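This report refers to the structure that appears directly beneath it.
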Ligand code: NDP
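Numbering (UniProt numbering), first residue to last: 1 to 484.
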């Protein structure tokens, strides 16, 4: 291992408030995506580790739930403060784990996780039930935790995903066992240490490592009450099916092929900037990316010309260099997958405007024009920096075409005609939409998908619904009337 790039944690797992190792688990080699060099050596969770994590979570949960919400919130807020104080160190760790430019990980990843912890820390004490008048009697409701929640993360925003799931779950009095993607195991381990340092009781937040089989073992365990997954649609189907067997609650944050619709009257610079953000940030590895860019025919030439001009200025390079704006893809396998889509798009007749195959783990920002709805590039999620530009003529046409997909995660509209903007987003089948903006996901706003892109919402007050359940309490204040 290159000495200054080593990021070896104390142990592979974090269970019951302590690092936990079991070297009999299958080895997991963690690589720095930029070079492929090993940065840590971990082991997958054995059945004993999984059992220890679930036992710890079960034991810790009732006491955690019994705390006053303001006391739970204080611990979450303290964790957020630690994250902000160590911003630089955590950004570097995230860059080593994911290969994303440190420019991005300083601004987006852990800071957005801290936002989430702050938000739910403040929200926890405001969650109350209702009182329901019933004549002489009355009823009231209590919003109670679900119990033990399993979080399973993807590799593109590993620390943000861990925080987005942990913050509402823990704020509501649940305990969590989190399994990061095998490709990016380091951030969640660090989050577990930070929680402990912030005063969280041992066992409330546990981390176990492993590939899909470890996730599958967690999802089917009878001690688990809820599963929250961020991943692809095929994995989502498997996890949802397995969770249904035990009647477990689920949140599914899955993939997309989201439309970004640019009308002739859009502000060109804004539309081009948003399309670039929504296709090239994090080297395109973002679930909500607007990968089908529908451009109205009158603006097409100007749009493509300005897009090519601006894309040529993107600086690719070593992700640890603060000047770098564009990094490698997560893995060799992902690189192969993205290149296959590029080769396929050319073979199917799309016109390459710029970009292409690249070298090693780098695939450059790439755009295709004259993409049609039936081409593979317009139908499948690539999860790489490949933009498909499609032409359209009318509003009704573009709405129908935008909706003709199994996915429904996100959508965007650029136009100066605000009546049209609202009319169009109202008809788009997507859980998260933007008007004259793209891919902004502030914690105050619900985030999630419809159709095959998922169920449930993360962030905002809406997330509370998915990490708690309502108990009704009927209060008899009058004599019991019985026919017997
Ligand atoms: P995967 O679906 O391959 O994996 C997601 C997680 O599920 C990983 O931790 C994986 O483990 C685990 N897993 C795999 N199989 C099972 C199983 N049978 N039971 C339980 N867990 C399992 O997604 P990627 O990691 O490749 O991430 C990319 C995908 O995530 C894209 O499709 C993207 O759109 C989506 N995504 C969605 C987001 C959203 O919020 N909607 C945000 C970010 C990404 P391992 O990988 O270690 O095998």
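All C-beta atoms in this analysis are idealised placements derived from N, C-alpha and C, irrespective of residue type, glycine included. Just so we're clear, the structure is a prediction, and the values are computed from it rather than from any experiment.
- Taking the Cβ of residue 238 as the reference point, at least one heavy atom of the ligand NDP falls within a distance shorter than 7 angstroms.
- At least one heavy atom of the ligand NDP lies less than 7 angstroms from the C-beta of residue 179.
- If you draw a straight line from the Cα of residue 474 to the Cα of residue 39, it is about 57 angstroms long.
- Note: residue 18 is bridge-paired with 15 in the DSSP secondary-structure output.
- For residue 172, no alpha helix (DSSP H) encloses it, and the DSSP letter there is neither H nor E.
- Between residue 330 and residue 155, the C-beta spacing is below 8 angstroms.
- The shortest C-alpha to C-alpha distance from residue 88 to any of 245, 178, 102 and 80 is the one to 102.
- Distance from the CA atom of residue 157 to the CA atom of residue 166, rounded to whole angstroms, is 14 angstroms.
- Placement of the Cβ of residue 152 at a distance of less than 7 angstroms from at least one heavy atom of the ligand NDP is found.
- For the pair residue 171 and residue 120, the CB atoms are nearer than the 8 angstroms cut-off.
- Relative to the ligand NDP, even the nearest heavy atom lies 7 angstroms or more away from the CB of residue 304.
- A direct Cα-Cα distance of roughly 33 angstroms separates residue 49 from residue 123.
- Fewer than three beta-carbon pairs drawn from the region 445 to 458 and the region 131 to 147 are found closer than 8 angstroms, and the two stretches are therefore not classed as touching.
- In the DSSP assignment, residue 212 falls within the alpha helix (DSSP H) that extends over 212 to 219.
- If only complete runs of 3 or more residues are kept, the region 271 to 336 shows the beta strand (DSSP E) at 292 to 296, in order along the chain.
- Distances from the CB of residue 436 to the heavy atoms of the ligand NDP are all 7 angstroms or more.
- With a cut-off of 7 angstroms, the C-beta of residue 484 is classified as distant from the ligand NDP, since no heavy atom of the ligand falls inside that distance.
- Secondary structure at residue 228: strand, using DSSP grouped into helix, strand and coil.
- In the DSSP annotation of this structure, the continuous segment of the beta strand (DSSP E) that includes residue 131 starts and ends at 131 to 134.
- Set against 7 angstroms, the gap from the CB of residue 450 to the closest heavy atom of the ligand NDP is not smaller.
- By the neighbour-count criterion, in which 16 or more other beta carbons inside 10 Å mark a residue as buried, residue 324 falls on the buried side.
- Annotation: residue 430 to residue 137 spans about 43 angstroms, alpha carbon to alpha carbon.
- If the five residues before and after residue 365 are omitted, its C-beta is found closer than 6 angstroms to the C-beta atoms of 280, 311, 314, 355 and 385, all from its own chain and listed in chain order.
- Using a C-beta cut-off of 8 angstroms, the region 286 to 303 makes contact with the region 252 to 263, since at least three inter-stretch Cβ pairs fall below that distance.
- In this model, residue 464 and residue 173 are separated by some 11 angstroms (Cα to Cα).
- In chain order, 341, 344, 345, 348, 350, 368, 371, 386 and 388 place their CB closer than 8 angstroms to the CB of residue 377, counting only its own chain and leaving out the 5 sequence neighbours on each side.
- Classified as buried, residue 200 has 16 or more neighbouring CB atoms from the shown chains inside 10 Å of its CB.
- The C-beta distance from residue 328 to residue 362 rounds to 5 angstroms, short enough to meet the 8 angstroms contact threshold.
- If you draw a straight line from the Cα of residue 302 to the Cα of residue 277, it comes to about 18 angstroms.
- Here residue 198 is not near residue 60, since their CB atoms are 8 angstroms or more apart.
- About 15 angstroms separates the Cβ atoms of residue 214 and residue 21, ruling out a contact at the 8 angstroms cut-off.
- Judged by DSSP in its simplified three-state form, residue 249 adopts strand.
- Ranked by Cα distance from residue 163, the options 146, 193, 144 and 398 are led by 193.
- Of the candidates 410, 423, 85 and 226, 226 places its Cα closest to the Cα of residue 247.
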